[in-house]
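Per our numbering, the very first residue in the sequence shown carries number 418; after that it's consecutive.
Ideal placement from N, C-alpha and C gives every residue a C-beta, glycine not left out.
These figures come from a predicted structure and were not determined experimentally.
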Amino acid sequence: MDFALTEEQTLIFDMAKGFGEEHIAPFAQDWEQQGTIPKDLWPKVAELGLGGIYVSEEHGGSGLSRLDATLVFEALAMSCPAVGSFLSIHNMCGGMIDKFGSDETKAKWLPQLCAMEKFFSYCLTEPGSGSDASALKTRAEKTNEGYKLNGTKAFISGGGYSEVYVTMVRTGEDGPKGISTLIVEDGADGLSFGGLEDKMGWRAQPTAQVQFDDCIVPHDNLIGEEGRGFAYAMAGLDGGRLNIAASALGGAQKALDLTMAYMAERKAFGKPINQFQGLQFKLAEFETKLQSARTFLRQAAWKLDNGAHDATKFCAMAKLMVTDAAFDVANGCLQLHGGYGYLADYGIEKIVRDLRVHQILEGTNEIMRLIVSRQMIADAS
């Protein structure tokens with residue numbers, strides 16, 4: 418059993434980390450205040466091959482593994498968790514199209530996605546269906562002109578910002594088997610957006626409701642088969658949960674790095690505060706949490722890459738374990754900064770605010786417990 422990264426994987430991590438330090442970190446505070454990310458960032462991201470991380474090279478993607486992706490998003494989050502996580506959602510859409518779309522669908526959408534000529538958002542959650550995602554009510558009626566959509570999606574990262582929306586809709590019966598996946602382009606008749614949400618964290622990332630009022634979408638914009646959309650959405654979330662966990666891990670690692678530097682400089686009672694045994698114990702605790710979280714995350718990614726039968730369970734466990742540990746570490750790092758940790762200039766409070774939502778989205782950590790326990794019971798039957 419080899420726990421070491423390959424030379425190529427080390428280069429991937431270093432490339433993403435270096436890009437973030439140059440093109441994201443210096444501007445992260447400004448973007449948070451502005452409530453948006455300049456779109457001229459994305460072509461630079463695409464030049465590194467990070468616009469279509471899982472997409473096959475045939476369609477302009479990088480064809481990387483899920484493990485490789487966790488390295489990318491951990492590294493980018495060290496500069497800003499909100500920006501890196503936003504990119505992970507775009508890539509989740511690309512992975513769904515590449516895995517489940519027809520040849521014609523792939524040829525039409527993936528080159529634009531990989532070049533980041535268009536930014537893609539993922540639309541599953543609704544005002545009345547969050548954890549109970551299969552209860553979604555947005556309906557798509559098949560007509561001669563195409564699918565006619567009516568309904569509302571909530572908490573959509575990139576709502577009103579993105580050019581393309583990968584949307585789960587009801588085309589048939591109640592429950593998961595009546596759900597399909599459609600691609601909706603910005604500018605479609607009947608597509609509109611709510612106001613920007615005023616959020617605790619991820620403030621650089623525009624979030625809004627996406628509304629469909631007799632919105633007509635061409636028949637060709639169906640991904641895969643009718644009635645398979647919920648399965649596609651859940652498959653996308655396995656990888657999405659790994660990325661959200663990796664982003665939390667990167668943010669927490671940055672918080673710990675900042676804390677180590679601060680404690681070496683900050684003096685109390687005549688010596689640097691890193692010389693107090695009680696605080697040293699905290700550092701050891703935080704390091705242990707992050708290293709164990711990193712190991713488990715990479716094991717879950719390996720299982721997903723290799724099609725292990727328990728991959729979904731491990732992705733859920735990783736999301737649960739890593740995001741909880743990351744938030745605890747970031748919050749503890751704020752405490753070690755004392756009053757300075759509460760100030761924006763020190764960068765810690767932003768990380769804490771950003772990482773809190775990682776315990777909620779891509780399936781709450783309570784739902785992760787449900788996924789894990791149900792699989793345990795099924796395996797024991």
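Taking the straight line between their C-alpha atoms, what separation do you get for residue 598 and residue 552? By 1-based counting over the sequence shown, the position of residue 598 is 181. By 1-based counting over the sequence shown, the position of residue 552 is 135. Counting only the Cα atoms, residue 552 lies some 15 Å from residue 598.
Residue 640 (DSSP reduced to helix, strand or coil): If you number the sequence shown from 1, residue 640 lands on position 223. It is a strand residue.
Buried or exposed by the 16-neighbour rule on C-beta atoms within 10 Å, applied to residue 786: The count along the sequence shown starts at 1 and reaches residue 786 at position 369. By the Cβ neighbour-count rule, residue 786 is exposed, with fewer than 16 other Cβ atoms within 10 Å of its own.
So residue 469 and residue 527 are in contact, right, with Cβ under 8 Å, and what is the actual spacing, rounded? Taking the first residue of the sequence shown as 1, we reach residue 469 at position 52. Taking the first residue of the sequence shown as 1, we reach residue 527 at position 110. The Cβ separation is near 6 Å, so the contact holds.
Could you check how far apart the C-beta atoms of residue 506 and residue 565 are, in whole angstroms? I think they sit under 8 Å. As a first step, residue 506 must be located in the sequence shown, where it is residue number 89. As a first step, residue 565 must be located in the sequence shown, where it is residue number 148. Not confirmed; about 26 Å, so no contact.
Sorted by chain position, which residues of the same chain lie with C-beta nearer than 8 Å to residue 515's C-beta, five sequence neighbours on each side aside? On the sequence shown, residue 515 is found 98 positions in, with the first residue counted as 1. Answer for residue 515: 469, 471, 472, 473, 476, 478, 523, 527, listed in chain order.
Check each candidate in 675, 721, 669 and name the one with the smallest Cα separation from residue 741. For the purposes of this step, residue 741 is taken as the residue at position 324 of the sequence shown. Nearest of 675, 721, 669 to residue 741, Cα basis: 669.
With 16 other Cβ atoms within 10 Å as the buried cut-off, status of residue 705: Translated into the one-based positions of the sequence shown, residue 705 becomes position 288. Counting every other CB atom within 10 Å of its CB across the protein chains shown gives residue 705 a total below 16, marking it as exposed.
Put residue 470 into one of helix, strand or coil per three-state DSSP. Working through the sequence shown from its first residue, we reach residue 470 at position 53. In this structure, residue 470 counts as coil in the three-state DSSP scheme.
With the cut-off set at 8 Å, would you say residue 768 and residue 754 are in Cβ contact? Residue numbering aside, residue 768 sits at position 351 when the sequence shown is read from its first letter. Residue numbering aside, residue 754 sits at position 337 when the sequence shown is read from its first letter. A distance of 8 Å or more separates the beta carbons of residue 768 and residue 754.
Flag residue 601 as yes if its beta-carbon sits less than 8 Å from any beta-carbon of chain D, otherwise no. Absent from the structure: chain D. Only one protein chain is present.
Report the CB separation of residue 779 from residue 589 in whole angstroms; it is logged as a contact under 8 Å. Within the sequence shown, numbered from 1, the residue matching residue 779 stands at position 362. Within the sequence shown, numbered from 1, the residue matching residue 589 stands at position 172. That belief does not hold up - the Cβ atoms of residue 779 and residue 589 are roughly 25 Å apart, past 8 Å.
DSSP state of residue 617, grouped into three classes? For the purposes of this step, residue 617 is taken as the residue at position 200 of the sequence shown. In the structure shown, residue 617 adopts coil according to DSSP, grouped into three states.
How would you label residue 456, buried or exposed, when you count the other beta carbons within 10 angstroms and need 16 or more for buried? The residue given as residue 456 occupies position 39 in the sequence shown. Using a 10 angstroms sphere on the CB of residue 456, the tally of other CB atoms stays under 16, which defines it as exposed.
So, at 6 Å on beta carbons, what are the nonlocal neighbours of residue 622 in its own chain, with the 5 sequence-adjacent residues on each side left out? Residue 622 sits at position 205 when you count from the first residue of the sequence shown. The residues are 499, 503, 574.
Could you name the residues of the same chain whose beta carbon sits closer than 6 Å to that of residue 558, not counting the 5 residues immediately before and after it, in chain order? Residue mapping note: residue 558 aligns to position 141 of the sequence shown, counting from 1. The residues are 565.
For residue 531 versus residue 583, is the C-beta spacing smaller than 8 Å? The residue you call residue 531 lines up with position 114 of the sequence shown. The residue you call residue 583 lines up with position 166 of the sequence shown. Cβ atoms of residue 531 and residue 583: not closer than 8 Å.
According to the Cβ coordinates, are residue 600 and residue 587 closer than 8 Å? The residue labelled residue 600 in the question sits at position 183 within the sequence shown. The residue labelled residue 587 in the question sits at position 170 within the sequence shown. Going by C-beta atoms, residue 600 is not nearer than 8 Å to residue 587.
Span of the alpha helix (DSSP H) around residue 800: Nothing about residue 800 can be read from this structure; the chain reaches only from 418 to 798.
Straight-line gap, residue 430 to residue 567 (C-alpha atoms, nearest Å): Position 13 of the sequence shown, counted from the first residue, corresponds to residue 430. Position 150 of the sequence shown, counted from the first residue, corresponds to residue 567. So the two alpha carbons sit approximately 42 Å from each other.
May I ask you to list the residues that DSSP assigns as paired with residue 585? Indexing the sequence shown from 1 puts residue 585 at position 168. Beta bridge pairing from DSSP links residue 585 with 598.
For the stretch 724 to 734 against the stretch 668 to 685, are there 3 or more C-beta pairs whose distance is under 8 Å? Touching, no.
Since residue 718 and residue 659 are thought to touch, with beta carbons under 8 Å apart, how far apart are those beta carbons, to the nearest angstrom? On the sequence shown, residue 718 is found 301 positions in, with the first residue counted as 1. On the sequence shown, residue 659 is found 242 positions in, with the first residue counted as 1. About 5 Å; that satisfies the 8 Å criterion.
Would you check if the distance between the CB atom of residue 744 and the CB atom of residue 776 is smaller than 8 Å? Walking along the sequence shown from the start, residue 744 turns up at place 327. Walking along the sequence shown from the start, residue 776 turns up at place 359. Against a cut-off of 8 Å, the Cβ pair of residue 776 and residue 744 comes out as a contact.
For residue 617, count the other beta carbons within 10 Å of its own beta carbon; 16 or more makes it buried, fewer makes it exposed. Which is it? Taking the first residue of the sequence shown as position 1, residue 617 is located at position 200. Flag for residue 617 reads exposed.
Going by the beta-carbon positions, is the gap between residue 625 and residue 576 smaller than 8 Å? On the sequence shown, position 208 is the one that residue 625 refers to. On the sequence shown, position 159 is the one that residue 576 refers to. For residue 625 and residue 576, yes; Cβs fall inside 8 Å.
Alpha carbons only, please: which of 760, 749, 794 is nearest the one belonging to residue 727? Sequence index remark: in the sequence shown, residue 727 carries index 310 (1-based). From the listed residues 760, 749, 794, the smallest Cα separation to residue 727 is found for 794.
Here's the rule: buried if 16 or more other CB atoms are within 10 angstroms of the residue's CB, otherwise exposed. What is residue 771? Reading the sequence shown from its first residue, position 354 is the one you call residue 771. By the 10 Å Cβ count, residue 771 comes out buried.
Helix, strand or coil at residue 779 [DSSP, three-state]: Position 362 of the sequence shown, counted from the first residue, corresponds to residue 779. Correct three-state label for residue 779: coil.
Cutoff 7 Å; reference residue 434; Cβ partners in own chain excluding five residues on either side: What you label residue 434 is simply residue 17 of the sequence shown in a count that begins at 1. Close CB contacts of residue 434 within its chain, under the 7 Å cut and outside five residues either way in sequence, are with 492, 495 (chain order).
Am I right that residue 562 and residue 581 are in contact with their C-beta atoms under 8 Å? What's the rounded C-beta distance? Along the sequence shown, read from residue 1 onward, the residue named residue 562 stands at position 145. Along the sequence shown, read from residue 1 onward, the residue named residue 581 stands at position 164. Contact between residue 562 and residue 581 does not hold, since their C-beta atoms are separated by about 20 Å, which reaches or exceeds 8 Å.
Could you spell out where the beta strand (DSSP E) holding residue 539 opens and where it closes? Taking the sequence shown and counting its residues from 1, one reaches residue 539 at position 122. Per DSSP, residue 539 belongs to the beta strand (DSSP E) from 537 to 540.
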